[in-house]
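Enquirer:
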Amino acid sequence: SEKPDCMERLQLQRRLGCRTFHWFLANVYPELYPSEPRPSFSGKLHNTGLGLCADCQAEGDILGCPMVLAPCSDSRQQQYLQHTSRKEIHFGSPQHLCFAVRQEQVILQNCTEEGLAIHQQHWDFQENGMIVHILSGKCMEAVVQENNKDLYLRPCDGKARQQWRFDQINAVDER
Numbered sequence: 001s002e003k004p005d006c007m008e009r010l011q012l013q014r015r016l017g018c019r020t021f022h023w024f025l026a027n028v029y030p031e032l033y034p035s036e037p038r039p040s041f042s043g044k045l046h047n048t049g050l051g052l053c054a055d056c057q058a059e060g061d062i063l064g065c066p067m068v069l070a071p072c073s074d075s076r077q078q079q080y081l082q083h084t085s086r087k088e089i090h091f092g093s094p095q096h097l098c099f100a101v102r103q104e105q106v107i108l109q110n111c112t113e114e115g116l117a118i119h120q121q122h123w124d125f126q127e128n129g130m131i132v133h134i135l136s137g138k139c140m141e142a143v144v145q146e147n148n149k150d151l152y153l154r155p156c157d158g159k160a161r162q163q164w165r166f167d168q169i170n171a172v173d174e175r
């Protein structure tokens, strides 16, 4: 089937200075939807290689908490994560902390609002299960050292410890 020619309508929209529906929702009727972007993936983040889930084991103040792997548990709020359309991995609820990197280690930091610029809290969740830190191009990997199972950035090689899956995949409507 042939696509209709919409050029005339688009030119009219530009000439009249029309805004998008997304702009309307964000500026005229923001109470309809909270400003938080809908997550594309959510729930526990499972590591395929070790069969464990990403977790923060800190007691009290969790700012700067290194992310580790622990047995998966539906009752642990510390294992609830969301990968948003802004390519951030939000921790827990409310979503006030994001996955970040300090000396190649994955930690929790305050989420930064840096607009569209790529920054150190941006992660690409790929179809092959790898989570790529966009700024460095490296993959999140479960690294076992003695009794610790921490999350670090490593060159992407597709090994099982670099493979991840979320509990839920949500359809994201691109605006």
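Going by full-length UniProt numbering, the first residue of the sequence shown is number 1, and it counts up by one from there. From the three backbone atoms N, C-alpha and C, an ideal C-beta is built for every residue, glycine too. Model, not experiment: these values are computed from the prediction.
CA-CA distance, valine 68 and aspartate 167?
Expert: 18 Å
Enquirer: Using the three-state DSSP reduction, which class does glutamine 11 fall into: helix, strand or coil?
Expert: helix
Enquirer: Is leucine 16 helix, strand or coil when you go by DSSP?
Expert: helix
Enquirer: Exposed or buried, what is histidine 96 when buried is set at 16 or more other beta-carbons lying within 10 Å of its beta-carbon?
Expert: exposed
Enquirer: Smallest Cα separation from phenylalanine 125: which of Gln82, Val28, Cys18, Arg15?
Expert: The shortest CA-to-CA distance from phenylalanine 125 to any of Gln82, Val28, Cys18, Arg15 is the one to Gln82.
Enquirer: For arginine 161, which residues from the same chain have a beta carbon less than 7 Å from its beta carbon, with the 5 sequence-adjacent residues on both sides left out?
Expert: Closer than 7 Å at Cβ, skipping near neighbours: Asn47, Gly49, Leu50, Glu141, Ala142.
Enquirer: Identify every run of the beta strand (DSSP E) within the UniProt domain "Ricin B lectin" (42-167), keeping only runs that are complete inside it and at least 3 residues long; order them along the chain.
Expert: 53-55, 68-70, 81-84, 89-91, 97-102, 105-110, 123-125, 131-133, 138-145, 148-154
Enquirer: Express the C-alpha separation of arginine 165 and serine 73 in angstroms, rounding to a whole number.
Expert: Rounded to the nearest whole angstrom, the C-alpha separation of serine 73 and arginine 165 is 15 Å.
Enquirer: Say whether the segment 102-111 touches the segment 53-70, bearing in mind that this needs 3 or more beta-carbon pairs closer than 8 Å, one atom from each stretch.
Expert: yes
Enquirer: Might you give, ordered along the chain, the residues of its own chain that have their beta carbon closer than 8 Å to the beta carbon of tyrosine 152, omitting 5 neighbours on each side?
Expert: Glu104, Gln105, Val106, Met140, Glu141, Val143
Enquirer: Can you tell me the Cα-Cα spacing of leucine 12 and histidine 90, whole angstroms?
Expert: 40 Å
Enquirer: In chain order, what residues of the same chain have a beta carbon less than 7 Å from the beta carbon of residue 177, not counting five sequence neighbours either side?
Expert: Past the boundaries of the shown model lies residue 177; the chain is included only from 1 to 175, so the question cannot be answered.
Enquirer: Within the same chain, show all residues whose beta-carbon is closer than 7 Å to that of glutamine 120, passing over the 5 residues directly before and after it, in chain order.
Expert: Ala100, Val101, Leu135
Enquirer: Glutamine 75 and asparagine 170: beta carbons closer than 8 Å?
Expert: According to the sequence provided, residue 75 is serine. The question's glutamine does not apply to it. Contact annotation: serine 75 and asparagine 170 have beta-carbon atoms that are not nearer than 8 Å.
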